[in-house]
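> Have a look at the structure that comes next, please.
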Amino acid sequence: MKLFLCIIFIIASANAVKEYLFKSCSQSGFCHRNRHYATEVSNSKNFQSPYSIDSIQVDNDTITGIVFKHLPQLEHPIQLPFEISIIEDNFRFKLTEKQNIVTKNVNPVRYNETEKLAFKQGVKKSKGFDVSLRDNEASIIYGEHEVLIQYHPIVFVFKYAGKEQLRINDKQFLNIEHRRLKDENETNMLPQESDFNMFSDSFQDSKFDSLPLGPESIGLDFTLRGFSNLYGIPEHADSLLLKDTTSGEPYRLYNVDIFEYEPNSRLPMYGSIPLVVAAKPDVSIGIFWLNSADTYVDIHKSKSSTVHWMSENGILDFIVIIEKSPAMVNQQYGKVTGNTQLPPLFSLGYHQCRWNYNDEKDVLEVHAKFDEYEIPYDTIWLDIEYTDEKKYFTWHKENFATPEKMLRELDRTGRNLVAIIDPHIKTGYEVSDEIIKKGLTMKDSNNETYYGHCWPGESVWIDTLNPNSQNFWDKKHKEFMTPAPNLHLWNDMNEPSVFNGPETSAPKDNLHFGQWEHRSVHNVFGLSYHEATFDSLLNRSPERRPFILTRSYFAGSQRTAAMWTGDNMSKWEYLKISIPMVLTSNVVGMPFAGADVGGFFGNPSNELLTRWYQTGIWYPFFRAHAHIDSRRREPWLAGEPYTQYIRDAIRLRYALLPLFYTSFYEASKTGTPVLKPVFYESTHKSDSYAIDDEFFIGDSGLLVKPVTDEGAKDIEFYLPDDKVYYDFTNGILQGVYKGGKKPVQLSDIPMLLKGGSIIPMKNRYRRSSKLMKSDPYTLIIALDKKGSASGTLYVDDGETFAQGTEVAFTVNNNIISAKKIGPTASIPIEKIIVASEGKTTTLKNPKLDIYSDWSLRFSFGIDHDEL
């Protein structure tokens, strides 16, 4: 077994970042065919679309009809039923087909269940729209939106606030590869189509794909009128602003275990969220492509950019969101897929991880060293080696013989432990035996249990798309985790990663519950897995908010998990690219995101490690992690002065935990980013749209620009507006920032605080966030040019679903006021620092309380003490 794993690892290492392991568009049958079709249509001078709308009917909250696909060789058109609805004030279009191919084992219906996982519970259709039907077009009006639907050729025109904003199928790239038998293919082809890989797969690692239903891809174009700045469709190690793909590879959405990914790449990665967000002054658009199959996205950038979606199978299903701002697009998207859960407070603290801490002694020694060096941390992590021969739900009999004792020791100072549990289950022990016996495994194309290889060697995969898996999963988690309230979970390798599978994943013709092919559900498998884990933890402790980290994700994952950007490297370019990657995750509604601090592979220099900690404190999910072959790099091992700089950075994160927690609370209500791109604040400034090396923390007014260049001596902030900004480097107010280059030393963490902001801090050192609970607050007030400011604070118990307290702070005419909503308790304010242009005053021991309504007058020129 050890020999087998060594061989697997050597092969993986030798093939690191080899693009030939993953399909390009030209090698992928459906992408090749859709791009070919689009090219033929574009080059045709007299193209007549084969698609037309035959009829439309209105019934209460739904508009239905039939699209005809006319083929010259067929007497009757292919019928494609469609449905239009307004859900949560957004336009939704769904199209399927009546014709099905009956084949052994496989569900013959086009996959239509992505919404079951992507949508939050309770999404409703609206009846608040008006429809006008005419000879060759229909008009739908809802709110400030109007949609004109042309029947032939089919074109959807969206107007918002009286102006045209979006055209769908303006390029006539609509392509529905209807079902047909192989021997009937010739009579079912359009002249513009290619037959490349319709019934077979020529790619080296997937040549055994049986493609039992033949070609069934879908494609459609969206032209955004006046929009040249597009964002979203993670996960890719690329810039925040999407790039033109006309002369290169499209962006691919296909969840894979990509070994040592490269920066500035459109290769697929671990997660997929099929949402494009476009912004311009006064209007923003979201296009949510509701499809969980392998998907490519072509971007043609111009004054009116085009997005061309291409998916391997499933129904055609999309939602259009048009609002005044990108934040409002986030809010509308959240009404459909849900917002991030407010995480437990400890999960916003610092996480210490590596593959692997060797045993209980090792864990507790690292734990003690943090206290020795007075560095706060909340959680220590265990990778796969804690198990008994990589059997999940077990502990290594010698190295982790008394896990409950270890957990109790961690809990004494409010610390937590996270253990990894992956979806591959080693064969030959009770867990795999039971899921095989109960029929809860992923199946192969013959509907037999699928066996593949992952870390344990031969493995089976639990099918968490099977609702019958939940009870089993609940039972195993309850057995494993009781009675340790400070034990939490990490779901890795859930793309799923299969070492001997095509493109490092499961064969596409594998089968899941409902006889759905894996090709249909691939991108939601990871979501189904971490949601099953979430539900198990919730069933175990219904009053406590679960914490789960997932590597694979989809739209909707934000409701139940945090994510990280996977296996990065200890190089400056990976530090730099981590910022746009985390920002992109925030733009598409998944704010609880981070990157491995220090880089997973390799050994960072002390300067790089320091700068990475100084950047990592701003990731919503803040964890250091390292490969098993990387040298130990706990903060104290760097030596001075680096350890001091790292300590200062981590302590700053803890001082700002009230700010991060409040930002997450706002995100949980509104769906807006925790790490907010600059353009959200300045859609009126064209040069702000490409800024992806600085960001705001929520709506706090705190503007951050991490140092990500080796040997940097200075940085320069981009200011998105003409407000006053105060230099807040290292969390200390240092006067007004006038623009231009700002000198930085290795000890510096550059940040600015916008005038008009009030932020809460807790400045006392404690060993963990739990021990900070009763510590007093400091308020930092940065006045705007009119002498005003405002800010918010949210406080609760940090663990349960119990109601918390919101506090709104304001300053006007030298009077600071606080108003609260929620339960009453008592936490004092020990200091208030007020800055105006050229003036600062400090109010010490003001004898005020967070949970009380109060007002306080102050004056500049004197320090207030014992008010």
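Residue numbers for the sequence shown, in mature numbering (1 follows the signal peptide of the UniProt record, and there is no 0): -16 to -1, 1 to 851. The beta-carbon is built from N, C-alpha and C at its ideal position, and this holds for glycine as well. Bear in mind that the values here come from a model prediction, so they are computed numbers and not experimental data.
Output yes or no for whether 8 Å exceeds the beta carbon distance between T363 and K560.
The residue given as residue 363 occupies position 379 in the sequence shown. The residue given as residue 560 occupies position 576 in the sequence shown. No; because the gap between Cβ atoms is not below 8 Å, this pair is not in contact.
> Which residue's Cα is closest to the Cα of Q787: G719, R528, K88, D406?
Residue numbering aside, residue 787 sits at position 803 when the sequence shown is read from its first letter. It is R528.
> In chain order, what residues of the same chain have a beta carbon less than 8 Å from the beta carbon of S684, not counting five sequence neighbours either side?
Within the sequence shown, numbered from 1, the residue matching residue 684 stands at position 700. The answer, listed in chain order, is L643, T646, S647, S741, I743, G775.
> So, with DSSP's three-state summary, where would you put A145?
For the purposes of this step, residue 145 is identified with residue 161 of the sequence shown, where counting begins at 1. A145 falls in the coil class under three-state DSSP.
> Could you pull out every residue in the same chain whose Cβ sits closer than 7 Å to the Cβ of R164, ignoring the five residues on either side in sequence?
Residue 164 sits at position 180 when you count from the first residue of the sequence shown. The answer, listed in chain order, is N172, G198.
> Return the CA-CA distance between D833 and V444, expressed in angstroms with no decimal places.
In the sequence shown, residue 833 corresponds to position 849, counting from 1. In the sequence shown, residue 444 corresponds to position 460, counting from 1. Distance from the CA atom of D833 to the CA atom of V444, rounded to whole angstroms, is 56 Å.
> Jot down the residue ranges of each uninterrupted alpha helix (DSSP H) in the region 572 to 649, minimum 4 residues, whole runs only, in chain order.
590 to 600, 626 to 639
> What did DSSP end up calling R841 once you bin it into helix, strand or coil?
The residue given as residue 841 occupies position 857 in the sequence shown. DSSP places R841 in strand when its eight states are reduced to three.
> Measuring CB to CB, does L471 end up less than 8 Å from L391?
Here residue 471 is taken as the residue at index 487 of the sequence shown, counted from 1. Here residue 391 is taken as the residue at index 407 of the sequence shown, counted from 1. Contact: yes.
> Report the residue from G822, D193, H668, V658 whose alpha carbon sits nearest the alpha carbon of K264.
Locating residue 264 in the sequence shown gives position 280, counting from the first residue. With distances taken between Cα atoms, K264 lies closest to H668.
> Nearest by alpha-carbon distance to I404: which of I419, A262, L366, D417 is it?
On the sequence shown, position 420 is the one that residue 404 refers to. For the residues I419, A262, L366, D417, the minimum Cα distance to I404 belongs to L366.
> Alpha carbon to alpha carbon, how far is L567 from A577? Give it in angstroms, no decimals.
Taking the sequence shown and counting its residues from 1, one reaches residue 577 at position 593. Taking the sequence shown and counting its residues from 1, one reaches residue 567 at position 583. When rounded, the distance between both Cα atoms is 9 Å.
> Please say whether N89 and S512 have beta carbons closer to each other than 8 Å?
Taking the sequence shown and counting its residues from 1, one reaches residue 512 at position 528. Taking the sequence shown and counting its residues from 1, one reaches residue 89 at position 105. No, the pair does not count as a contact, with Cβ atoms beyond the cut-off.
> Determine whether the beta carbon atoms of I681 and A633 lie at a separation below 8 Å.
For the purposes of this step, residue 681 is taken as residue 697 along the sequence shown, with counting starting at 1. For the purposes of this step, residue 633 is taken as residue 649 along the sequence shown, with counting starting at 1. Cβ atoms of I681 and A633: not closer than 8 Å.
> Using a threshold of 8 Å, state whether the C-beta atoms of K804 and E814 are closer than that.
Residue 804 sits at position 820 when you count from the first residue of the sequence shown. Residue 814 sits at position 830 when you count from the first residue of the sequence shown. No, the pair does not count as a contact, with Cβ atoms beyond the cut-off.
> What residues in its chain sit with their C-beta under 8 Å from that of W838, if we drop five residues either side in the sequence?
Residue mapping note: residue 838 aligns to position 854 of the sequence shown, counting from 1. Within the same chain, W838 has close Cβ partners S801, A802, L832.
> Here's a check: name, in chain order, each residue in its chain whose Cβ is nearer than 7 Å to the Cβ of E24, leaving out the five neighbours to either side.
Within the sequence shown, numbered from 1, the residue matching residue 24 stands at position 40. Here the set comprises Q176.
> Grouping DSSP H, G and I as helix and E and B as strand, with all else coil, what is A102?
Walking along the sequence shown from the start, residue 102 turns up at place 118. Looking at A102 - three-state DSSP - the assignment turns out to be helix.
> Using the C-alpha atoms, what's the distance from E369 back to H609?
Counted from its first residue, the sequence shown places residue 609 at position 625. Counted from its first residue, the sequence shown places residue 369 at position 385. The alpha-carbon atoms of H609 and E369 are separated by roughly 15 Å.
> Going by DSSP, name the residue or residues bridged to L150.
As a first step, residue 150 must be located in the sequence shown, where it is residue number 166. The partner list for L150 (beta bridge, DSSP) reads F142, L208.
> Going by DSSP, which residues form a beta bridge with D711?
By 1-based counting over the sequence shown, the position of residue 711 is 727. The partner list for D711 (beta bridge, DSSP) reads L736.
> With distances taken from CA atoms, which of L840, G623, H611 is nearest D551?
Counting from 1 along the sequence shown, the entry for residue 551 is found at position 567. The residue with the shortest Cα to Cα distance from D551 is H611.
> Taking DSSP's pairing of strands, which residues face M553 in a bridge?
The sequence position of residue 553 within the sequence shown is 569, counting from 1. Paired residues: F585.
> Just verifying my parser: in three-state terms, what is the DSSP assignment at S541?
For the purposes of this step, residue 541 is taken as the residue at position 557 of the sequence shown. DSSP places S541 in helix when its eight states are reduced to three.
> Using DSSP with H/G/I as helix, E/B as strand and the rest coil, what is E67?
Taking the first residue of the sequence shown as position 1, residue 67 is located at position 83. Strand.
> With a 10 Å radius around its C-beta and 16 neighbouring C-beta atoms as the bar for buried, classify A262 as buried or exposed.
Against the sequence shown, residue 262 aligns to sequence position 278. Around the beta carbon of A262, a 10 Å sphere encloses 16 or more other beta carbons of the protein chains shown; the residue is thus reported as buried.
> Would you check if the region 125 to 132 and the region 141 to 157 touch, i.e. whether three or more CB-CB distances between them fall below 8 Å?
Contact between the region 141 to 157 and the region 125 to 132 is established, with three or more Cβ pairs separated by less than 8 Å.
> According to the Cβ coordinates, are R209 and R151 closer than 8 Å?
As a position in the sequence shown, residue 209 is number 225, starting the count at 1. As a position in the sequence shown, residue 151 is number 167, starting the count at 1. Cβ atoms of R209 and R151: closer than 8 Å.
> So, do the region 232 to 247 and the region 477 to 488 have three or more beta carbon pairs nearer to each other than 8 Å?
yes
> Count the other CB atoms within 10 Å of the CB of Q149; is the residue buried (16 or more) or exposed (fewer)?
For the purposes of this step, residue 149 is taken as residue 165 along the sequence shown, with counting starting at 1. Per the 10 Å Cβ criterion, buried.
> Need the endpoints of the alpha helix (DSSP H) that D395 sits in, please.
Within the sequence shown, the letter at position 411 stands for residue 395. Residues 387 to 395.
> Roughly how many angstroms lie between the CA atoms of L851 and K828, to the nearest whole one?
Residue numbering aside, residue 851 sits at position 867 when the sequence shown is read from its first letter. Residue numbering aside, residue 828 sits at position 844 when the sequence shown is read from its first letter. Only weak support is given to the placement of L851: the predicted model assigns it a pLDDT of 42, under 50, and the question is left unresolved by the model.
> By DSSP's criteria, H496 is part of a beta bridge. Which residues make up the other side?
For the purposes of this step, residue 496 is identified with residue 512 of the sequence shown, where counting begins at 1. The partner list for H496 (beta bridge, DSSP) reads W500.
> How far does the alpha helix (DSSP H) with N478 in it reach, from first residue to last?
As a position in the sequence shown, residue 478 is number 494, starting the count at 1. Run containing N478: none; DSSP gives neither H nor E here.
> Looking at W439: is its Cβ nearer than 8 Å to the Cβ of K374?
Counting from 1 along the sequence shown, the entry for residue 439 is found at position 455. Counting from 1 along the sequence shown, the entry for residue 374 is found at position 390. Contact: yes.
> Quick check: the Cα distance between G771 and G822, rounded to an integer number of angstroms?
Position 787 of the sequence shown holds residue 771. Position 838 of the sequence shown holds residue 822. The alpha-carbon atoms of G771 and G822 are separated by roughly 12 Å.
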